[in-house]
Each structure stands twice: as C-alpha cells, then as structure tokens.
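Just add 7 to the spot in the sequence shown (first one is 1) and you have our numbering.
Glycine is no exception: its CB is placed at the ideal position from the N, C-alpha and C atoms.
Everything numeric in this text was worked out from a predicted model, so none of it was measured.
The structure under discussion appears below in the form of structure tokens.
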Amino acid sequence: MTKTAWMTFNPRCGTARKTLAILEEEGFEVTQRRYLEEPLSRDEIAHLLDKGGMTARDLLRAKEPLARDLGLTQDSASDDEILDAMVEHPILLNRPIVETQKGALLARPQDEVRRIL
Numbered sequence: 008m009t010k011t012a013w014m015t016f017n018p019r020c021g022t023a024r025k026t027l028a029i030l031e032e033e034g035f036e037v038t039q040r041r042y043l044e045e046p047l048s049r050d051e052i053a054h055l056l057d058k059g060g061m062t063a064r065d066l067l068r069a070k071e072p073l074a075r076d077l078g079l080t081q082d083s084a085s086d087d088e089i090l091d092a093m094v095e096h097p098i099l100l101n102r103p104i105v106e107t108q109k110g111a112l113l114a115r116p117q118d119e120v121r122r123i124l
C-alpha cells in the first residue's frame, strides 16, 4: 500500500522543508500545497481542523504582525473570525500542516509529524 501525505508548503520555510524530508525518508508520496500561491478554502481548512481535532486558533500564525493588527491574537477573536481571516490572508495560516491517513496536525517542530506516520 502506498503511503501518501498532503501538506501546506512554503519553500522558504525551513520547518516545512525539514518536514517534507522526514515524510520522504519514511517513504511517503507527498502532495505539496503552496498555500501562499494557491490559498486553502474555508472548507479545506475546516476539514484539517476537524481531522486534527484543532481549533482555528491552533493554526493561526500569531507571530505574523497582521494577526495582531486584525485583533486575532485577542482572546475575544472567535474561531470564525480567525478562519475568515486565514482564507482572506493565507500568510496567517501557520505551517506546515500535514495530513495522512492517521490524522492532521501542525508539524511544528518538524518531528511532530511522526505522530501521524
């Protein structure tokens, strides 16, 4: 049986490159989604959240200045507001997000990906 994985990918991100290397070393065929060039839809993000048991806040790239500027780092920001902002501004989506048959997660640090291999 072929092992497959899907991941959000930014070639400038060292963690994403290291995560990809782990997946390939473990024999996975990886589909890369360059999410800054081809943003994820709200439904795609919601699927990943559901499959990984995560909230939108779990995937928010809180260090991104835009997250603060939009008020998304405040406790009062709802998951719906965060999700809408991620769809409109893909830079707010933390990475890499990896999905395998065993689940989905934010692979930060990169060795976290081993939990779903």
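In the DSSP assignment, find the unbroken alpha helix (DSSP H) run with residue i in it and report its ends.
{"i": "leucine 30", "result": "21–32"}
{"i": "alanine 7", "result": "Look at the range of the chain in this structure, 8 to 124, and you will see that residue 7 is not part of it."}
{"i": "histidine 54", "result": "49–59"}
{"i": "arginine 64", "result": "63–66"}
Starting from residue i, follow the beta strand (DSSP E) in both directions and report where the run begins and ends.
{"i": "glutamate 36", "result": "35–40"}
Tell me the DSSP secondary structure of residue i in three-state form.
{"i": "leucine 112", "result": "strand"}
{"i": "leucine 90", "result": "helix"}
{"i": "leucine 79", "result": "coil"}
What does the alpha-carbon distance come out to for the pair residue i and residue j?
{"i": "leucine 30", "j": "glycine 60", "result": "21 Å"}
{"i": "lysine 10", "j": "glutamate 36", "result": "6 Å"}
{"i": "alanine 84", "j": "leucine 67", "result": "11 Å"}
{"i": "cysteine 20", "j": "arginine 102", "result": "8 Å"}
{"i": "leucine 100", "j": "methionine 8", "result": "31 Å"}
{"i": "arginine 49", "j": "glutamate 32", "result": "31 Å"}
{"i": "glycine 78", "j": "threonine 62", "result": "17 Å"}
{"i": "glutamate 88", "j": "glutamate 45", "result": "21 Å"}
{"i": "isoleucine 23", "j": "methionine 14", "result": "According to the sequence provided, residue 23 is alanine. The question's isoleucine does not apply to it. Those two C-alpha atoms are separated by around 9 Å."}
{"i": "lysine 70", "j": "alanine 92", "result": "15 Å"}
Would you list the one or two residues that DSSP bridges to residue i?
{"i": "methionine 14", "result": "Gln39 and Val105"}
{"i": "leucine 73", "result": "In DSSP, leucine 73 forms no bridge with anything."}
{"i": "leucine 124", "result": "For leucine 124, which the question treats as bridged, DSSP gives no partner whatsoever."}
Quick one: using the 10 Å Cβ neighbour count with 16 as the cut-off for buried, is residue i buried or exposed?
{"i": "threonine 107", "result": "buried"}
{"i": "glutamine 117", "result": "buried"}
{"i": "arginine 40", "result": "buried"}
{"i": "proline 97", "result": "buried"}
{"i": "threonine 26", "result": "buried"}
{"i": "alanine 114", "result": "buried"}
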